[in-house]
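Residue numbers (our numbering), protein chains in the order written: chain A, 10 to 117; chain B, 46 to 164.
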């Protein structure tokens with residue numbers, strides 16, 4: 010089993026819709042979780058971090074963590090074309106371990 | 046936030062030559078830096094962990110003699126791709142974590158990445 014698994018997509022949503030990105034992880038002792046956004050040809054940028062069970066909201070982004078299910082998700086409300094990118098879930102282990110990424114396209 | 050500068054942002058080299066990529070932490074000290082490689086439409090693959098003042102730790106399948114890593118100071122790590130071949134063409138990204146923080150508790154700060162094309 011991979012340490013971090015994401016639904017690889019690609020995922021397309023219309024502008025204004027909610028985009029839902031999911032990630033599962035295998036290390037039960039993981040305490041922190043990160044979502045990165047990566048535009049084509051650019052390096053990843055951190056958009057959300059979450060450490061506790063439940064929801065964490067930051068603007069249009071909401072991260073949800075369920076440690077019992079080893080599941081973390083990212084919701085993007087009111088999706089914009091500028092949100093089109095690849096989203097990477099990352100879990101610190103021996104080093105930061107990334108999922109394979111989900112390519113999101115927001116259609117105008 | 047912390048800034049990591051990577052240079053060059055892109056480079057084209059001839060097959061058989063060597064290329065050096067620099068990764069600098071500009072406003073913090075980094076005892077550990079990470080080097081990733083990313084092929085088109087794939088995720089980041091960790092190549093090696095660079096530790097200041099000691100030898101780098103390479104991931105399985107990464108040739109240490111081909112990808113030379115030097116981490117001589119707390120703010121600079123370099124990756125040298127030796128005898129580059131077209132299959133080494135990729136996007137190379139470094140990241141760093143501030144001294145005193147464990148990877149488990151803090152995100153990595155990424156450089157801008159280097160697009161290497163070997164012709």
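Idealized CB from N, CA, C, for every residue including glycine.
(message) Closest to residue 109 of chain A by C-alpha separation, out of A/63, A/100, A/77 and A/117, would be which residue?
(response) Checked all of A/63, A/100, A/77 and A/117; the closest Cα to residue 109 of chain A is A/100.
(request) Just mark residue 123 of chain B as buried or exposed, buried being the case when its beta carbon has 16 or more other beta carbons within 10 Å. (result) Buried, by the Cβ-count rule.
(request) Please list the partners that residue 157 of chain B has in chain A, where partner means a Cβ-to-Cβ separation under 7 Å. (result) Within 7 Å Cβ-Cβ: 52.
(request) Using 10 angstroms around the beta-carbon of residue 53 of chain A, count the other beta-carbons present and answer buried if the total reaches 16, otherwise exposed. (result) Classification of residue 53 of chain A: buried, given that the 10 Å Cβ count is 16 or more.
(request) Apply the 10 Å Cβ neighbour rule to residue 38 of chain A and answer buried if 16 or more other Cβ atoms are within range, or exposed otherwise. (result) The residue is exposed, with fewer than 16 neighbouring Cβ atoms inside 10 Å.
(message) So residue 108 of chain A contacts chain B; which residues on that side make the cut at Cβ distance below 7 Å?
(response) For the C-beta of residue 108 of chain A, the chain B residues within less than 7 Å are, from N- to C-terminus, 88.
(message) Suppose the cutoff is 8 Å on Cβ atoms and the five residues either side in sequence are ignored; what does the same chain contact list for residue 102 of chain A look like?
(response) Only 12, 36 and 39 meet the Cβ criterion.
(request) Determine the DSSP secondary structure at residue 132 of chain B, reduced to helix, strand or coil. (result) The DSSP-derived three-state label of residue 132 of chain B is helix.
(request) Identify which residue in A/104, A/114, A/117 and A/97 has its Cα closest to the Cα of residue 33 of chain A. (result) Answer by Cα proximity: A/97.
(request) Name the residue from B/99, B/91, B/108 and B/114 whose alpha carbon lies nearest to the alpha carbon of residue 6 of chain B. (result) Absent from the structure is residue 6 of chain B, since the part of chain B shown begins at 46 and ends at 164.
(request) Provide the residue(s) that pair with residue 58 of chain A in DSSP beta bridges, ordered along the chain. (result) Note: residue 58 of chain A sits in a beta bridge opposite A/43.
(message) Is there a Cβ of chain B sitting closer than 8 Å to that of residue 105 of chain A, yes or no?
(response) With respect to chain B, the C-beta atom of residue 105 of chain A has a partner C-beta closer than 8 Å.
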